[in-house]
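Participant: According to the working numbering, the sequence shown holds residues 3 to 580 in order. Glycine included, every Cβ here is placed at the ideal spot set by N, Cα and C.
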Amino acid sequence: MGSLATHLQSWMHHDTALITSANPLFVLAVILGIGYLFSRIASRLKLPTITGQILGGVIIGHYVLNIFVDTAYQSFAPITNFALGFIGLTIGSHLDFRKLHNAGKRIILITLCDVIITPVLVYFSLRYIAGLPAVHSMLIAAIAITTAPGSTIHIVKEKRAKGILTKTLLAVVALNNVLTILIFYTLYYFLHNKSVSADINILSIMGNSFLLLLESVIIGSGVGYGVIHFTEKRKTRVSFLVMVIMAVVLTVGASETLHLSGILSSLILGMIITNFSRFRSVLFGAFKEIEIEVFTLFFVLAGTHLDFHAMKLGGFAGVVLILSRFAGKVSGPTLGACLAGATSNIKKSIGLAMHPIAGVAIGLVLLIENNVLLAPYSDQITAVVLTAVVVYELIGPLLTGKAIALAGEEGKNRLRLMDFIQEEFITVDLDASDKWQTLDYLAEFLVRTHQAHHIDINELKASLVQREIEISTGIGNNLAIPHAIIHDGPQIIGVIGISRKGVEFDSLDSQPVHIIFMIATPKENFDRQHLQVLANIAKLFGKHKDIKSQLINARSAAEVYEILQSKEVDELNPFFED
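See below:
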């Protein structure tokens, strides 16, 4: 009894952990329990659950309750690596070329402005305000570029976010992390070579960085095409969940064995599956069965590893990093959005969305610590970077959630009556000479953008033409709603075409058509939804006269999308859950 009292006294004085020897399964149970409890508390306080989970980890960690010794958490390193791999897979799944075909300029400009402006501001602030040496400032500036994909994905899922900002944010975060790794490794190889030789070959250094990217592409692509082969050729009866887990484990394991970035290879894996697999939705959906548990483990463990002692060591330089990175992450993406001519929602929101920083940054810091030649720089770099990680892991998710709410995209990731009203299914440069050419172009646009391989394009065109011969679908008021019946499919699909000069459509009022909604309805949904969609589209222009001129004058598909997401229009495109 005396030894127990002595132990408890030592624990209360923070000299030792409460439990110095614990079974890993018991530690796992405590982590999951704490994650669940603090998720509920965060929800009650209207905070992101990720913030609650990280705080829960902080509380059971070394600096508050000190429940377990630090080594108790080390056995979960494989789970953390797997979670990072899954995060990379998920981020890669949002690099869907079908969805991004008319958003490329916006995504590229926002990414480039971010990865240029953020490190420049951070470098000069650390070098000339904080007074850090040039090498320290360069390495920290490169690390500061990254936006944590895990925190971003978690907030997007929790907020059930969907829209132009969400799509842009996830694609930008994916490219941001690819470029962060390339920039950091280029600098890393430069400093390493400079330490051993005065003769430096810049082309060789850049080649090494791109070789790292190429090797990650080979691993991610190889595993991705393997998954596609086994799922589509029916070579195995393994469940989709097991298939996804095996793919992530193999990708991360192979990458780390070869000293590559597991998250980068997993990102490539996700990109390959989302662009080339017919079972993409099933494969990515399979992980939902264990997604909550994996994220809970990851973020509670992240909380236990937050080093508040580093904030003291980081000192003034840590504060400078936090402020200069904040300025870069606000100004860079916002400037990129302005240069790209993005919509007002993106311009006002994207600068708040890019602040979380965690796993990739910590991984790059460890790379410096483990390099014998760069190790002398590591103590101060680690302290300064971890200071920013502590702060941004707590406030970053709050800012991302605020950005999503500001853009009006919270709660929008639900099935709607007209779910085809998305940026990727809209074209504003329709330049057809007559209605037959219009029908032909939009039919091909529909099949291509929806990747509707189950639709016979010739049958679709024939159905559209036959209906048009029977009676014109130009219903007047510069609007046409050509429609067809397709044999099968999960739901109504459609596209929107805007013609500024107008197309002769034999309309009821003999006026040219500027706005075309083309829809294709599966036979089984014809009676229930087809007429409702037609009626709601007609009501849209009957009730809101100004919508027509706004759509005709829209400069981009994104602008058309935002017009059709306004509160006045929203009521005519109900969610099925409501």
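Are there three or more Cβ pairs, one per stretch, closer than 8 Å when the segment 407-416 is compared with the segment 471-488?
Facilitator: Too few Cβ pairs lie closer than 8 Å, so no.
Participant: Please give the ranges of any beta strand (DSSP E) in the segment 455-527, keeping only runs that are unbroken, at least 3 residues long and fully inside the region.
Facilitator: Entirely contained in the segment 455-527, the beta strand (DSSP E) runs reaching 3 residues are, in chain order, 476-478, 485-488, 495-505 and 515-524.
Participant: Hey, S465 and A486: beta-carbon distance below 7 Å or not?
Facilitator: In this structure, A486 lies closer than 7 Å to S465 by Cβ.
Participant: Could you tell me whether the Cβ of Q424 comes closer than 7 Å to any Cβ of chain D?
Facilitator: No chain D is present in this structure, which holds just one protein chain.
Participant: What does the Cβ neighbour count give for Q11, buried or exposed, with the cut at 16 atoms within 10 Å?
Facilitator: With fewer than 16 Cβ atoms within 10 Å of its Cβ, Q11 is classed as exposed.
Participant: Ends of the alpha helix (DSSP H) at I268?
Facilitator: Looking at the sequence provided, one finds Ser at residue 268 rather than Ile. Segment G264 to F278, the alpha helix (DSSP H) holding S268.
Participant: Would you check if the segment 241-251 and the segment 46-62 touch, i.e. whether three or more CB-CB distances between them fall below 8 Å?
Facilitator: Cβ pair count under 8 Å is below three, so no.
Participant: Does the distance from the CB of H96 to the CB of L172 come in under 7 Å?
Facilitator: A contact, by the Cβ cut-off of 7 Å.
Participant: Can you tell me where the alpha helix (DSSP H) with A559 in it begins and where it stops?
Facilitator: Element bounds for A559: A559 to I565.
Participant: Taking contact to mean at least 3 C-beta pairs separated by less than 8 Å, is the segment 211-225 in contact with the segment 182-190?
Facilitator: Contact holds: three or more Cβ-Cβ distances are below 8 Å.
Participant: Within 10 Å of its beta-carbon, does V332 have 16 or more other beta-carbons around it, so buried, or fewer, so exposed?
Facilitator: With 16 or more Cβ atoms within 10 Å of its Cβ, V332 is classed as buried.
Participant: Output the distance between the C-alpha atoms of R450 and F99, rounded to the nearest integer angstrom.
Facilitator: Those two C-alpha atoms are separated by around 11 Å.
Participant: May I ask you to list the residues that DSSP assigns as paired with F70?
Facilitator: Answer by DSSP bridge pairing, in chain order: I21.
Participant: For I518, which residues of its own chain have a beta-carbon under 6 Å away from its beta-carbon, when the five flanking residues on both sides are left out?
Facilitator: For I518, where only same-chain residues beyond five positions count, the Cβ hits under 6 Å are A482 and G499.
Participant: Are the CB atoms of L388 and D309 nearer to each other than 7 Å?
Facilitator: Yes, the pair counts as a contact, with Cβ atoms nearer than the cut-off.
Participant: Note down, one range per segment and in chain order, each alpha helix (DSSP H) of at least 4 residues found wholly within the segment 374-433.
Facilitator: Counting whole runs of 4 or more residues, the segment 374-433 contains the alpha helix (DSSP H) stretches 377-408.
Participant: By how many angstroms is the C-alpha of I81 removed from the C-alpha of A19?
Facilitator: Going from the Cα of A19 to the Cα of I81 covers about 23 Å.
Participant: Using the rule of at least 16 other Cβ atoms within 10 Å of the residue's Cβ for burial, across every protein chain shown, is S279 buried or exposed?
Facilitator: Label assigned to S279: buried.
Participant: By DSSP, does R162 sit in helix, in strand, or in coil?
Facilitator: The answer is coil: DSSP assigns R162 none of H, G, I, E or B.
Participant: Is the number of C-beta pairs between the segment 292-307 and the segment 64-84 that are closer than 8 Å three or more?
Facilitator: Contact holds: three or more Cβ-Cβ distances are below 8 Å.
Participant: Of all the alpha helix (DSSP H) runs that stay within the bounds of the segment 294-380, which reach a length of 4 or more residues?
Facilitator: Entirely contained in the segment 294-380, the alpha helix (DSSP H) runs reaching 4 residues are, in chain order, 310-341, 346-355 and 361-371.
Participant: Taking C-alpha atoms, which residue in I33, M520 and I52 lies nearest to P358?
Facilitator: The candidate whose alpha carbon is nearest that of P358 is I52.
Participant: Can you give me the C-alpha to C-alpha distance between S380 and D431, rounded to a whole angstrom?
Facilitator: S380 and D431: Cα-Cα distance of roughly 53 Å.
Participant: Going by the beta-carbon positions, is the gap between G222 and K414 smaller than 7 Å?
Facilitator: Cβ distance not < 7 Å, so G222 and K414 don't count as in contact.
Participant: Quick one: residues in its chain with C-beta nearer than 7 Å to the C-beta of S257, no 5 flanking neighbours on either side, listed in chain order?
Facilitator: Cβ neighbours of S257 beyond the five flanking positions: S218, I221, S263, G264 and S267.
Participant: Express the C-alpha separation of S512 and V158 in angstroms, rounding to a whole number.
Facilitator: Approximately 46 Å, taken between the alpha carbons.
Participant: Quick one: what does DSSP say L97 is sitting in, helix, strand or coil?
Facilitator: Residue state, collapsed to three classes: coil.
Participant: Determine the burial state of A304: buried for a count of at least 16 other Cβ atoms within 10 Å of its Cβ, exposed for fewer.
Facilitator: When all chains shown are included, A304 counts as buried.
Participant: From this set, T259, V175 and F281, which residue's C-alpha is nearest H1's C-alpha?
Facilitator: Residue 1 lies beyond the range of the chain shown here (3 to 580); nothing can be said about it.
Participant: For L401, which residues from the same chain have a beta carbon less than 6 Å from its beta carbon, with the 5 sequence-adjacent residues on both sides left out?
Facilitator: L354 and H357, listed in sequence order.
Participant: Terminal residues of the continuous alpha helix (DSSP H) containing I118?
Facilitator: Note, I118: alpha helix (DSSP H), G106 to Y130.
Participant: Assign S568 to one of three DSSP states: helix, strand, or coil.
Facilitator: If DSSP states are grouped into helix, strand and coil, S568 belongs with coil.
Participant: In whole angstroms, what is the alpha-carbon distance linking D548 and K349?
Facilitator: So the alpha carbons of these two residues sit roughly 24 Å apart.
Participant: Could you name the residues of the same chain whose beta carbon sits closer than 7 Å to that of T22, not counting the 5 residues immediately before and after it, in chain order?
Facilitator: The answer, listed in chain order, is V71.
Participant: V362: which of Y65, T276, P50 and G152 sits nearest, CA to CA?
Facilitator: Among Y65, T276, P50 and G152, the Cα nearest to that of V362 is on G152.
Participant: Looking at the structure shown, is Y65 part of a helix, part of a strand, or coil, going by DSSP?
Facilitator: In the structure shown, Y65 sits in coil (DSSP, three-state: anything other than H, G, I, E or B).
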